[in-house]
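Contents: one structure, followed by commentary.
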Amino acid sequence: MKIYSYAFPGNIEEDILQIGAGQVPYMRTAWFSGLMKDNERMLLKAIGCKDGRVLFYTSSGTCAMEAVVANYVAAVGKAFIVDGGTFGHRWIEICDYHGLERQVFEVPFAKDIDYERLDRELGGSDAKVLLCPQHETSSGQLFDIERIGAICRKYGIRLVVDAVSSFLADELDMDRTGADVVITSSQKGLNLPPGISFVILSAKALDIDFVHGCYYSDFQNNLKNLTRGQTPYSPMTTLFMQLNERLRRNEAGGPAEVIRTTREKAMYFREKCREYGWEMSAERQSNAITGFYIRKGVDILFEELQKKGIYIMPSARPGYFRVSHMGIQSREEIDALVQAIHEIEMRG
Ligand SMILES: *Cc1c(COP(=O)(O)O)cnc(C)c1O
Numbered sequence: 001m002k003i004y005s006y007a008f009p010g011n012i013e014e015d016i017l018q019i020g021a022g023q024v025p026y027m028r029t030a031w032f033s034g035l036m037k038d039n040e041r042m043l044l045k046a047i048g049c050k051d052g053r054v055l056f057y058t059s060s061g062t063c064a065m066e067a068v069v070a071n072y073v074a075a076v077g078k079a080f081i082v083d084g085g086t087f088g089h090r091w092i093e094i095c096d097y098h099g100l101e102r103q104v105f106e107v108p109f110a111k112d113i114d115y116e117r118l119d120r121e122l123g124g125s126d127a128k129v130l131l132c133p134q135h136e137t138s139s140g141q142l143f144d145i146e147r148i149g150a151i152c153r154k155y156g157i158r159l160v161v162d163a164v165s166s167f168l169a170d171e172l173d174m175d176r177t178g179a180d181v182v183i184t185s186s187q188k189g190l191n192l193p194p195g196i197s198f199v200i201l202s203a204k205a206l207d208i209d210f211v212h213g214c215y216y217s218d219f220q221n222n223l224k225n226l227t228r229g230q231t232p233y234s235p236m237t238t239l240f241m242q243l244n245e246r247l248r249r250n251e252a253g254g255p256a257e258v259i260r261t262t263r264e265k266a267m268y269f270r271e272k273c274r275e276y277g278w279e280m281s282a283e284r285q286s287n288a289i290t291g292f293y294i295r296k297g298v299d300i301l302f303e304e305l306q307k308k309g310i311y312i313m314p315s316a317r318p319g320y321f322r323v324s325h326m327g328i329q330s331r332e333e334i335d336a337l338v339q340a341i342h343e344i345e346m347r348g
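Under this note's numbering, think of the first position of the sequence shown as 1, with each following residue one higher.
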């Protein structure tokens, strides 16, 4: 049965999938080093980070979060965490796991940050680094990362942005924002299988003595290997080849073009939500996903869609579902998705 994925990473082009289906080439070679350097160059360009470096981990996005906490936050001092849902909350758990000092700034579900309150609390805080998702994927809420960057600059506080679900969905220019560190991963905006996470370190972030807080993700050791285009431990070679192809394709139109097409899909789906009266969650919506509520058929929607090969993302909140706008999805396919949800709601 054909799968229509409105989860992460969404549907991927057949020829990019095929790169991952072939034999795995040996990677301690000049060819692979060249591929990695090319990947790093294209990623830095896409994220607007001129003199930075990219660390690559064969892992999901949470590994990059933990790497930042164990190597970087541990070195710079107390963390100030914006907690507006699952992913903001994860920073708290990781800091606690590593026994690091942190302060929490709570934001209600699906609401934007009260930036004046943030300014006051950050101004009165002894924190050294702010940790925040650009897009809180659990609610679809997009935070104003440029505004957060400006507040951080005002108080000389470092900024770590979790762009796992916003990279290539919403605009992010690292140098302009003044972000010291950004993390992302392969299975969201890059529309690739899960398996690579990235830590992008600005020139300013590179200029500190990192703590050796985690053997596998050790920044210093990974940076040393990166100078020869290698990772210290076995990379998921074919996924790095898929990444190279994806970045090459994106390079022509730049990030703006990918963002534009994602936004177009989001706008089309949201038009349908309004038509059918499905209330949307976020105060300021990311292009990455739409979170919405249905009123009937709540308990059967996920299972019934699955029978048709359609995947959307359920949640613990009654009637609340999320649809991703990443990956291949035509207007006809979105129409079919909307029709299927509507029919199940009418039946339920
Ligand atoms: C998906 C996601 C992550 C990482 O989750 P993994 O399952 O470990 O890849 C981190 N932050 C945000 C905002 C995310 O959406």
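Just so it is clear, CB atoms sit at the ideal spot from N, CA and C, and this is done for glycine as well.
L247 sits in a helix when the DSSP states are folded into three classes. Of the other Cβ atoms in all chains shown, fewer than 16 fall within 10 Å of the Cβ of V24; this residue is therefore exposed.
Along the region 301–348, the beta strand (DSSP E) occurs as fully enclosed runs of 3 or more residues at 320–324, listed in sequence order. For A150, the enclosing alpha helix (DSSP H) stretches over residues I145 to Y155. At a cut-off of 4 residues, the continuous stretches assigned as alpha helix (DSSP H) that sit fully inside the region 112–187 are 115–123, 145–155 and 174–177. DSSP links S5 through a beta bridge to Y311.
Assignment of I12 by DSSP, reduced to helix, strand and coil, places it in the coil class.
Closest by C-alpha distance to S217, out of E40, T58, L17 and I16, is T58. A buried status is given to A70, since no fewer than 16 other beta-carbon atoms sit within 10 Å of its beta-carbon. For Q18, the closest of R263, E245, Y276 and E279 by C-alpha to C-alpha distance is E245. Checking the 7 Å criterion, the Cβ of Q306 is out of range of every heavy atom belonging to ligand 1. For G61, the distance from the CB to the nearest heavy atom of ligand 1 is below 7 Å. Linking R270 to M326 through their CA atoms gives a straight-line distance of about 14 Å. Close CB contacts of H212 within its chain, under the 8 Å cut and outside five residues either way in sequence, are with N71, D218 and Q220 (chain order). The beta-carbon separation of L55 and V199, rounded to 4 Å, stays under the 8 Å limit for a contact. If you draw a 10 Å sphere on the C-beta of Q329, you find 16 or more other C-beta atoms in it, and that means buried. Put simply, the backbone Cα of R158 is about 18 Å away from that of I94. S197: not part of any alpha helix (DSSP H); member of the beta strand (DSSP E) spanning I196 to L201, first to last residue.
In terms of Cα proximity to V104, the closest of G85, A110 and K111 is G85. In the structure shown, the three-state DSSP call for T62 is helix. Contact check for S286 and S166: beta-carbon distance about 6 Å, within the 8 Å limit, so the pair qualifies.
For the alpha helix (DSSP H) assignment, the uninterrupted runs of no fewer than 4 residues enclosed by the region 64–114 are, from N- to C-terminal side, 86–97.
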